[in-house]
Amino acid sequence: MRNIYLLTALVIISIQTAIAGYLDAFHAEKISNHVYVIHGPLELPNETNEGFMNNPAFIVTDNGVVVIDPGSSVHTGNMLLREIRKVTDMPVIAVFDTHIHGDHWLGNDAIQRSYPDADIYAHHKTISMVDNGEGQNWLDLMHNMTKGATDGTKIVNAQDALKGGEDLSIGGHQFQIIHHGQAHTVTDIMILYKEDSVLFTGDNVTNKRIIRMVDASFKGSIETIEKAKSLQAAIVVPGHGKSGGAELLDNYHTYLSVLYSNVSKYFEEDMSDFEMKPLIHQQLKNYHDWSGYEDELGKHISGAYLEIEAAAF
Ligand SMILES: [Zn+2]
C-alpha cells in the first residue's frame, strides 16, 4: 500500500515537472547595479522553446522598472514579469522594443495586461510597420514556427515613437537612444543606460549566434557597430547570446567586415557568390562554431553581393 502512495506521489511530481514547461528554467542574471538580463537560447523558434530566443532585460530605476525587448510571446513576457517580481514590487513604467522582429517585441502583450500605463517606446518605423501588416506577419510566423506554442499572444504596438538622438529620463535614470539608419533593419534603436554604462544593442550585435540579415544593410551594420564602440559602454547586452564587455562589439564587427570586404574584393575580381563562399569560409574560422553560421553564411554572402552590386551602379 505504501508503495502505491509513493508511486502516486512520484507520478504527480513528474507530471508537474512536465507541465512546468520550458520557460520555467530561465532566470534573470544581475549584470550590473540595476540591470538584469534573461539570456535566451540560441536556437531558432520551435515548438519546444515556444519561440523564446532573445534577451529580455529589465532595469530597476528609482520609481519603477524599465523593460528592454520583452520577448516572442505573451508567455515569454509573463516569464519576464515573474523574474521582475522576484527583484522588486515596483511597476513596469516603460518598455523599449529594439526593432521590428517579433521575437523581441511580441511580449509587449504581457506587459500591457499587467501594467496598462507603461509607456512602450520604439523607432517610428517599427510602429508604422507593425500597424501596416508586419505585426500580423510576425504573429503568424511565430505561430507556424512553434506549432501554436505562442498562441494567446495579441499584437500590442508601441505608442511612443523615437527617431534616435533622444536623451530620456525615466524613473530618475538616463537613457540615450541611438539610431544610425539601416543596420540590422531600418527600425533599430540601441539604448545606452547611462547609470551603469550598459549598452543594449538589439540585433545590431550578437554573440555566438549568426542571425538572419534579410532586412539588413551590411555596410550600415558595420557603421552602426562603430558608432556603438564610440559610446565606450562598460557592458554590452547583445540581441542574442551572453552579455559581455566591449569585445562583443569587436567580435561581431570583425565577422561583418571580413565578410563584406572579401565579398567586395572578389566581386571586383568577377567571382560569383558561390565561388567566393569557400574562400570566405576559410577566413571566418573564429565563427564556425557560432549557432546559425552554416545556415546563414551563403545567404549573407549573397546579401552583401547584392548590396555591393547595387552600390556599383
Ligand atoms: Zn532581429
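This note's numbering numbers the first residue of the sequence shown as 1 and each following residue consecutively. Ideal placement from N, C-alpha and C gives every residue a C-beta, glycine not left out.
Item	Value
Between which two residues does the alpha helix (DSSP H) holding D295 run?	293-312
Using DSSP with H/G/I as helix, E/B as strand and the rest coil, what is M190?	strand
If we count the other Cβ atoms within 10 Å of its Cβ and call it buried at 16 or more, is N49 buried or exposed?	buried
Regarding I211 and ligand 1, is the C-beta to nearest heavy atom distance less than 8 angstroms?	yes
Does the beta-carbon distance from L297 to I210 come in below 9 angstroms?	yes
In this structure, does DSSP put I68 in helix, strand or coil?	strand
State the Cα-Cα distance for the pair E247 and D97, rounded to the nearest angstrom.	24 angstroms
Report yes if the C-beta of G202 is less than 8 angstroms from at least one heavy atom of ligand 1; otherwise report no.	yes
Kindly examine ligand 1 and report whether one of its heavy atoms sits closer than 8 angstroms to the Cβ of T185.	yes
Would you grab the beta carbon distance between E322 and A28 for me? Rounded to a whole angstrom, and I think it's under 8 angstroms.	It is not possible to answer for residue 322, since the shown part of the chain is limited to 1 through 313.
Identify the continuous alpha helix (DSSP H) that holds H253 and give its terminal residues.	247-268
Between the C-alpha atoms of V236 and D273, what's the straight-line distance to the nearest angstrom?	33 angstroms
Does the beta-carbon of N78 have 16 or more other beta-carbons within 10 angstroms, so that it is buried, or is it exposed?	buried
For A304, which residues of its own chain have a beta-carbon under 7 angstroms away from its beta-carbon, when the five flanking residues on both sides are left out?	F218, L259, Y260, V263
Thinking just about the alpha-carbon of each residue, which of N54, L106, V92 is nearest to the one in N137?	L106
Looking at D151 and ligand 1, is the gap between the Cβ and the nearest heavy atom below 8 angstroms?	no
With DSSP as the reference, label G244 as helix, strand or coil.	strand
In whole angstroms, what is the alpha-carbon distance linking V316 and K163?	Because the chain in this structure spans residues 1 to 313, residue 316 falls outside the shown range and cannot be described.
For G152 and A110, what's the separation of their Cα atoms in angstroms?	10 angstroms
Would you list, in sequence order, the uninterrupted alpha helix (DSSP H) runs of no fewer than 4 residues that lie entirely inside the region 48-106?	74-87, 102-105
For S221, which option in D196, L199, H180, G165 has the closest C-alpha, if you only look at C-alpha atoms?	H180
From N207 to M90, what distance separates their C-alpha atoms?	31 angstroms
Relative to the C-alpha of E166, which candidate in I191, Y266, P238, K227 has its C-alpha closest?	I191
Answer yes or no: does any C-beta atom of chain D fall closer than 9 angstroms to that of H104?	Judged by its chain identifiers, the structure shown contains no chain D, having just a single protein chain.
Could you give the distance in angstroms between the alpha-carbon of N254 and the alpha-carbon of P278?	Checking the displayed sequence, the identity of residue 254 turns out to be Thr instead of Asn. Roughly 18 angstroms separates the two Cα atoms.
Pick out whichever of H143, N54, A310, L168 has its Cα sitting closest to the Cα of I38.	N54
Rounded to whole angstroms, what's the CA-CA distance from G245 to S197? Just pull it up for me.	11 angstroms
Tell me whether A233 is buried or exposed, calling it buried when 16 or more other Cβ atoms sit within 10 Å of its Cβ.	buried
Tell me which same chain residues have a C-beta within less than 8 angstroms of the C-beta of V95, skipping the five on either side of it?	V66, V67, I68, P70, N108, I111, A118, D119, I120, Y121, A158
Does the Cβ of D24 lie closer than 8 angstroms to at least one heavy atom of ligand 1?	no
The beta strand (DSSP E) spanning S169 covers which residue range?	167-170
Is the CB-CB distance between H34 and E195 below 9 angstroms?	yes
How many angstroms separate the CA atom of H101 from the CA atom of S73?	12 angstroms
Three-state secondary structure (DSSP) at Y36?	strand
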